[in-house]
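Student: Before anything else, here's the structure in question.
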């Protein structure tokens, strides 16, 4: 692989987030090229100093959000009440109110993460905010929403999250071409992931043609993990044979390992090298949905089994605490695993479990889940606006 693929990742002692961290698991992740991000954000975390503490003491070097996270944050406690009352008095509607609340949280989180961003030359210190999930199948509306979020948050270390739907791919290229950094989310299949990487390269090529500085544009590709096992395990248990049951808990990691193989291939091509020579940063794979949902499995397995250079693992705090407490990082657990990973997916196909069907179902469910959470968020905020306007 090219030298440009060795995009700097924070190591113990080189990032403000790790200078005060002496946990061996966190240090081992950093030394193996894994950036630890927190998959959660709320105003309470920001105002209480909790996010600062996670950066200083638990090695957190980035933050991701999604509609479900915001829905939970706004439904709990009273941290948003004063601002909602003010917006109600101004006559703001529910969509405007949610936009103001969420962009303010992300802007403030970006400010907290800015020292990490500066110390890592923009690799980490990122905070992600997602476009309205109701736009997942509307390319033009997604582009407009991404532009609005980017200009409103107005921080260089924000990532705009765009789902990797068929309609999302051209939107990804378009916003990257405009210099907007992107976190591509809801990736489940290898074919779609290759489409995401192509969209990334296309966007950078268009940005270069427009005279933009490629080094100022960054991106990650969020490949979802645990949901694959949840769905595949359900199908394996329905089959019920010894062979089927022996494959439980293996599909998600195999899928992610093969995604990393695709990453290595794409970012070793002359097409990528041409962009890297002009200062482009590699689009790192980000392992998302890494909280273990089956209590029969080790609660750190989607971290310890997905260690590889130039990756991000975004974790719920419960998973992060488990890694800190008893995570055993054995070095790179991804490269060199590709033949075995392919055999696992082949074995599933032989049992009648269609990879294409599973990943298509998970993408649809992922979009539907985020849209449902967004509707719940709107419903809750609408109720508060009505109450305060009465």
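Residue numbers (the UniProt record's numbering): 1 to 390.
Cβ atoms here follow ideal geometry from the backbone N, Cα and C, with glycine treated the same way.
When you compare only the Cα positions, how much space is there between residue 54 and residue 48?
Tutor: In a straight line, the C-alpha of residue 54 is about 12 Å away from that of residue 48.
Student: With distances taken between CB atoms, is the gap from residue 87 to residue 65 smaller than 8 Å?
Tutor: Contact flag unset, no.
Student: Go ahead and pull the three-state DSSP assignment for residue 360.
Tutor: Helix, per DSSP.
Student: What separation, rounded to the nearest whole angstrom, lies between the Cα atoms of residue 381 and residue 104?
Tutor: The straight-line gap from Cα to Cα measures roughly 15 Å.
Student: Classify residue 239: buried if its beta carbon has 16 or more other beta carbons within 10 angstroms, exposed otherwise.
Tutor: Exposed: under 16 other Cβ atoms inside 10 Å.
Student: Alpha carbon to alpha carbon, how far is residue 58 from residue 319?
Tutor: Computed Cα separation, rounded: 12 Å.
Student: When the Cβ atoms of the segment 208 to 225 are set against those of the segment 181 to 189, are three or more pairs found closer than 8 Å?
Tutor: Yes, since at least three Cβ pairs between the segment 208 to 225 and the segment 181 to 189 fall closer than 8 Å, the two stretches touch.
Student: Per the contact definition of three or more C-beta pairs closer than 8 Å, is the segment 307 to 322 in contact with the segment 67 to 84?
Tutor: No, because fewer than three Cβ pairs between the segment 67 to 84 and the segment 307 to 322 fall closer than 8 Å, the two stretches do not touch.
Student: Rounded to whole angstroms, how far is the Cβ of residue 127 from the Cβ of residue 106, which I believe are closer than 8 Å?
Tutor: That belief holds up - the Cβ atoms of residue 127 and residue 106 are roughly 5 Å apart, short of 8 Å.
Student: Counting Cβ pairs, one atom from each stretch, are 3 or more of them under 8 Å apart for the segment 361 to 376 and the segment 333 to 350?
Tutor: Touching, no.
Student: Nearest to residue 232 by CA position, among 345, 386, 302, is which residue?
Tutor: Looking at the Cα atoms, 345 is the closest of the given residues.
Student: Excluding the 5 residues preceding and the 5 following residue 94 in the sequence, name in chain order all residues of the same chain whose CB lies nearer than 8 Å to its CB.
Tutor: The residues are 378, 381, 382, 385.
Student: For residue 224 versus residue 276, is the C-beta distance shorter than 8 Å?
Tutor: Against a cut-off of 8 Å, the Cβ pair of residue 276 and residue 224 comes out as no contact.
Student: Counting pairs of beta carbons, one from the segment 194 to 208 and one from the segment 289 to 308, are three or more of them closer than 8 Å?
Tutor: Not touching, per the Cβ criterion.
Student: Tell me which residues share the same chain as residue 263 and place their Cβ nearer than 6 Å to its Cβ, disregarding the 5 neighbours each side in the sequence.
Tutor: Correct list, in chain order: 285.
Student: Return the CA-CA distance between residue 306 and residue 35, expressed in angstroms with no decimal places.
Tutor: Each residue's Cα considered, the two are about 12 Å apart.
Student: Measuring alpha carbon to alpha carbon, tell me which residue in 125, 147, 31, 76 is nearest residue 110.
Tutor: Nearest option by C-alpha distance: 125.
Student: Less than 8 Å between the C-beta atoms of residue 153 and residue 175, yes or no?
Tutor: Not in contact: residue 153 and residue 175 (Cβ atoms no closer than 8 Å).
Student: Determine the DSSP secondary structure at residue 195, reduced to helix, strand or coil.
Tutor: Three-state result, residue 195: helix.
Student: Quick check on residue 65: does DSSP put it in helix, strand or coil?
Tutor: Coil, per DSSP.
Student: Name the one or two DSSP bridge partners that residue 130 has.
Tutor: Answer by DSSP bridge pairing, in chain order: 161.
Student: Between residue 6 and the rest of its own chain, which residues show a CB-CB distance below 6 Å, the 5 nearest in sequence each way excluded?
Tutor: Below a pLDDT of 50, predicted positions are generally treated as unreliable, and residue 6, at 48, falls in that range; the measurement from the model is reported next regardless. Correct list: empty, nothing qualifies.
Student: Between residue 242 and residue 352, what straight-line distance do the alpha-carbon atoms span, to the nearest angstrom?
Tutor: Residue 242 and residue 352: Cα-Cα distance of roughly 15 Å.
Student: Is residue 351 helix, strand or coil by DSSP?
Tutor: The answer is coil: DSSP assigns residue 351 none of H, G, I, E or B.
Student: When the Cα atoms are used, what is the spatial distance from residue 347 to residue 326?
Tutor: Taking the straight line from one Cα to the other gives about 32 Å.
Student: Should residue 133 be labelled buried (16 or more other beta-carbon atoms within 10 Å of its own) or exposed?
Tutor: Under this definition residue 133 is a buried residue.
Student: Scan the segment 258 to 324 and note each continuous beta strand (DSSP E) run of 3 residues or more that stays entirely inside, going in chain order.
Tutor: You should have 284 to 288, 311 to 315.
Student: For residue 253 and residue 304, I'd like the C-alpha separation in whole angstroms.
Tutor: Cα to Cα, the separation comes out at about 10 Å.
Student: Which stretch, first to last residue, makes up the alpha helix (DSSP H) that contains residue 36?
Tutor: First-last for residue 36: 34 to 38, but that is the beta strand (DSSP E), not the alpha helix (DSSP H).
Student: Leaving out five residues on either side along the sequence, give the residues of the same chain with a beta carbon under 7 Å from the beta carbon of residue 259.
Tutor: Excluding positions up to five away in sequence, the list reads 190, 193, 223, 285.
Student: I'd like the span of the beta strand (DSSP E) that includes residue 108, first residue to last.
Tutor: First-last for residue 108: 94 to 119, but that is the alpha helix (DSSP H), not the beta strand (DSSP E).
Student: Of the choices 102, 112, 246, whose alpha-carbon is the least far from that of residue 52?
Tutor: The shortest C-alpha separation from residue 52 is found at 112.
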